[in-house]
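Protein sequences, first through last, are from chains Y and Z.
Once you know that position 63 of the first sequence is 63 in the UniProt record's numbering, the rest is easy, because the numbers rise by one and skip nothing.
Once you know that position 129 of the second sequence is 129 in the UniProt record's numbering, the rest is easy, because the numbers rise by one and skip nothing.
Worksheet for the structure shown next.
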Amino acid sequence: MSFLEIDHLQKRFARTTAVEQVHLEVTRGEFVSFLGPSGCGKTTTLRIIAGFESPSSGAIRLDGVDITQRPPHQRNVGMVFQSYALFPNMTVAQNVGFGLKVAKKPAAEITQRVEEMLHLIKLPALGNRFPYQLSGGQQQRVALARALAIRPQVLLLDEPLSALDAKIRVSLRLEIRSIQRELGITTIYVTHDQEEALSLSDRIVVMSEGRVEQIGTPFEIYNFPRTSFVASFVGTLNILRGQVADPAHGKILVDGQEVFASRGLERARTGDAVTVALRPEIVSLGEVAGNGNRMRGTVEDVNFLGSIVRIRVRFTDNAISLDTFNNPSLSLPQRGQALTVSFPREAVLALEAPPST
Amino acid sequence: MKPRRLGSWLLIVFGVLYFFVPLLGTFEFSLRLLRGVYSVAAYRIVLADPRFAATVTYSTVLALATIAVGVLLVLPTAYWIQLRLPRLRPVVEFITLLPLVIPAIVLVFGYLRIYNSSSALPLTGSARTTDLLLMFSYVTLALPYMYRAVDNGLRAIDVRTLTEAAQSLGAGWSTILLRVILPNVRVAVLSGAFLTFAIVIGEFTMASLLDRPAFGPYLQLIGANRAYEPAALSIISFSITWACMGFIQVFGRGASGQVAGAH
């Protein structure tokens, strides 16, 4: 049963539509990420759940109760902002206890809860500091503790790690996930960083231009992108354009060479244009047993990235990148060299045509 | 010394002379009540005059009331404009500037026409309601300073996100204003308050035409009738104003230190 239901949400501004028919059901304790480029409507959707914006149509239901018209301070939803948004005039402990104080809880209970929260975020000694005395990572942890102190039904995080530097971003990411698991709190996480979304989420909602492109587990989103937008936004992806040669067997012609797709192309007719996607890490140099597809091309570029080497191979109009692990005992192909690449049929994903708007 | 620097120094010297010579002259003059010796006799006379204490008290009480009403009016307004109606900002800024453009004498004649004892709202009918009218007119006079001070303070903090953070923690509007916004613009509100105080303490036109026993009209009365005491009074009222400026500096510095620490 869904705990948080986002029911066909729509948000129009004067001239643009920010959110278009977003529908999602989140189960209790689930960690869902909204992933997309800026302006894709992910933050607006989050703000509608928090109550900072009201939808043009659609509804938000939390544990079976329609909260669409409820003001934000009556929603019992915890929010963490990109800019931390700690109250500068209050100490860490006062920040964390603010929600409880507003709810007029007894002082002893507040003190105990604040202590509990500071232990949870591993900053038990910093209760008397002021926000400006903390590092960015510490501030964001305090903001997390503050949002969690009121025992919200849902935790909303709006790009919480974007303002932090890379190392802290990764460690805090792991910490957020472990705290979320420990508390079993239903969480919506907005990010434009695909790595964050992939590593954190139970499910990812990929959004573009106000629309949901695909909803799925990180595994599904990465391995089986349904649209070319998802395919290109999540990870690096090779896009090949060709024509359907034999729909029943999934045979496609790419620059005159035969490529077989993972499945038959039931809805296509011979001669139709088709787009297929291919992950760089699944393509091998040379022929490999079990790889049902072979293509010949020339090396256009060799990019040494340390642990992996990315090689770009051009056919005629199309080109693909492929990744191989670095190995000092192997020699790298040279630019201009002709070679064969191979990849399994299962790796060739036919993409849905983009909506004709 | 380079000629350009010499020029700057000359300007500074000129400025200092321009501002301080009259002041020093006044101060020196205020000490000459007794022939042949410097003394603080003029100050003693002024401070012993019961009207001095009465008018200063009256103006102080009025100033405090003005500050309270001014903050209550300006803080929520500026906050709401910043949060929800940013497009109205130029309009409101223009309105708050009007008291600087319209002379006090014009304002007070307007008041007398609208609120005279035979009008629908006869505020000038009794002393208490006239005090009220005077207080409101002071709120108007101080509006440009108070609004600007508070608005600057609000611009220095992230009003929107702080508001939303407080909202998501269950806070209603009054809690947000009192516990989140006000403490974070405390310095700005204080500097607005001190400016208001300085304006109200020295104001003459409105108090005089509304016939209220404020410090400004008393200053004028003494000035018209005595020789040395007005100089002493001027020095005293200057000191009050400067004390206000000093307080703004002191509190302002505390705040900028805190902001610098945040970055």
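The beta carbon of each residue, even a glycine, is placed where N, CA and C say it ideally should be.
For residue j and residue i, the rounded distance between their alpha carbons
i, j, result
"Phe52(Z)", "Gly127(Y)", "51 Å"
"Ala197(Y)", "Ala147(Y)", "21 Å"
"Ile215(Y)", "Gly136(Y)", "32 Å"
"Thr16(Y)", "Gly39(Y)", "11 Å"
"Ile181(Z)", "Glu164(Z)", "12 Å"
"Thr316(Y)", "Gln21(Y)", "40 Å"
"Arg312(Y)", "Val19(Y)", "37 Å"
"Ser56(Y)", "Glu25(Y)", "19 Å"
"Leu10(Z)", "Ala166(Y)", "55 Å"
"Ser199(Y)", "Val190(Y)", "13 Å"
"Thr270(Y)", "Gly242(Y)", "11 Å"
"Leu100(Z)", "Arg128(Z)", "27 Å"
"Asp158(Y)", "Asn76(Y)", "17 Å"
"Ala338(Y)", "Phe260(Y)", "22 Å"
"Ser232(Y)", "Pro218(Y)", "15 Å"
"Leu351(Y)", "His8(Y)", "25 Å"
"Leu112(Z)", "Pro90(Z)", "30 Å"
"Leu5(Y)", "Gln74(Y)", "The sequence shown places Glu at residue 5(Y), rather than the Leu named in the question. When rounded, the distance between both Cα atoms is 18 Å."
"Glu220(Y)", "Phe52(Y)", "32 Å"
"Ser228(Y)", "Leu62(Y)", "33 Å"
"Glu30(Y)", "Ser178(Y)", "13 Å"
"Val205(Y)", "Glu213(Y)", "7 Å"
"Pro76(Z)", "Ile105(Z)", "29 Å"
"Arg267(Y)", "Ser321(Y)", "29 Å"
"Gln82(Z)", "Arg155(Z)", "8 Å"
Residue-level contact to chain A via CB, residue i, 8 Å cutoff
i, result
"Val159(Z)", "Note that chain A does not occur in the displayed structure, where the protein chains are Y and Z."
Coil, strand or helix - residue i by DSSP
i, result
"Tyr38(Z)", "coil"
"Glu93(Z)", "helix"
"Val46(Z)", "helix"
"Arg203(Y)", "strand"
"His249(Y)", "helix"
"Ile67(Y)", "coil"
"Val234(Y)", "coil"
"Ile150(Y)", "coil"
"Asn303(Y)", "strand"
"Ala189(Y)", "Reading the sequence as shown, one finds Tyr at residue 189(Y) and not Ala. Tyr189(Y) falls in the strand class under three-state DSSP."
"Val106(Z)", "helix"
"Gln334(Y)", "coil"
"Gln82(Y)", "coil"
"Lys11(Y)", "strand"
"Ala171(Z)", "coil"
"Gly39(Y)", "coil"
"Phe260(Y)", "strand"
"Thr17(Y)", "strand"
"Phe229(Y)", "helix"
"Ile121(Y)", "coil"
"Arg269(Y)", "coil"
"Gly127(Y)", "coil"
"Phe215(Z)", "helix"
"Phe14(Z)", "helix"
"Ser237(Z)", "helix"
"Glu53(Y)", "coil"
"Phe19(Z)", "helix"
"Val31(Y)", "According to the sequence provided, residue 31(Y) is Phe. The question's Val does not apply to it. It is a strand residue."
Identified DSSP bridge partners for residue i
i, result
"Asp323(Y)", "Arg310(Y)"
"Thr340(Y)", "Arg296(Y)"
"Leu278(Y)", "Asn238(Y)"
"Glu25(Y)", "Glu5(Y)"
"Gln214(Y)", "Val206(Y)"
"Arg61(Y)", "Glu5(Y), Asp66(Y)"
"Val254(Y)", "Gln257(Y)"
Cβ distance (whole Å) where residue i is taken to contact residue j below 8 Å
i, j, result
"Val92(Y)", "Val142(Y)", "5 Å"
"Gly61(Z)", "Val189(Z)", "It is worth fixing the name first, because residue 61(Z) is Val in this sequence and not Gly. Incorrect: roughly 19 Å between the Cβ atoms, too far for contact."
"Glu287(Y)", "Arg335(Y)", "No, Glu287(Y) and Arg335(Y) are not in contact; Cβ-Cβ is about 21 Å, not under 8 Å."
"Gly172(Z)", "Ile150(Y)", "Going by Cβ atoms, the distance from Gly172(Z) to Ile150(Y) rounds to 14 Å, so no, they are not a contact pair."
Cβ contact check for the region 20-36 of chain Z and the region 225-237 of chain Z: 3 or more pairs under 8 Å
Taking a contact to require three or more Cβ pairs closer than 8 Å, the region 20-36 of chain Z and the region 225-237 of chain Z qualify as touching.
Do the region 130-145 of chain Z and the region 196-207 of chain Z make contact, defined as three or more Cβ pairs closer than 8 Å?
The answer is yes - the region 196-207 of chain Z touches the region 130-145 of chain Z, with three or more Cβ pairs under 8 Å.
Can you confirm whether the region 227-240 of chain Y touches the region 271-284 of chain Y when touching is taken to mean that 3 or more C-beta pairs between the two stretches lie within less than 8 Å?
In short, these stretches touch, since the Cβ pair count reaches three.
Could you tell me whether the region 203-211 of chain Z touches the region 117-137 of chain Z, where touching means 3 or more Cβ pairs closer than 8 Å?
Yes, since at least three Cβ pairs between the region 203-211 of chain Z and the region 117-137 of chain Z fall closer than 8 Å, the two stretches touch.
Touching by the beta-carbon criterion (3+ pairs, under 8 Å), the region 345-352 of chain Y and the region 325-332 of chain Y
The region 345-352 of chain Y is not in contact with the region 325-332 of chain Y.
For the region 146-162 of chain Z against the region 77-88 of chain Y, are there 3 or more C-beta pairs whose distance is under 8 Å?
Segments in contact, yes.
Is the region 289-306 of chain Y touching the region 333-344 of chain Y in the sense that three or more CB pairs, one from each, lie closer than 8 Å?
Touching, yes, given that three or more Cβ pairs across the two stretches are closer than 8 Å.
Given 8 Å as the limit, is there contact between the region 45-53 of chain Y and the region 161-175 of chain Y, that is, 3 or more CB pairs closer than that?
Cβ pair count under 8 Å is below three, so no.
Just checking, does the region 176-191 of chain Z make contact with the region 102-122 of chain Z on the three C-beta pairs under 8 Å criterion?
Fewer than three Cβ pairs drawn from the region 176-191 of chain Z and the region 102-122 of chain Z lie within less than 8 Å of each other, which leaves the two stretches out of contact.
Three or more C-beta pairs below 8 Å linking the region 21-28 of chain Z and the region 245-258 of chain Y:
Contact check between the region 21-28 of chain Z and the region 245-258 of chain Y: fewer than three CB pairs, one atom from each, fall below 8 Å, which does not count as touching.
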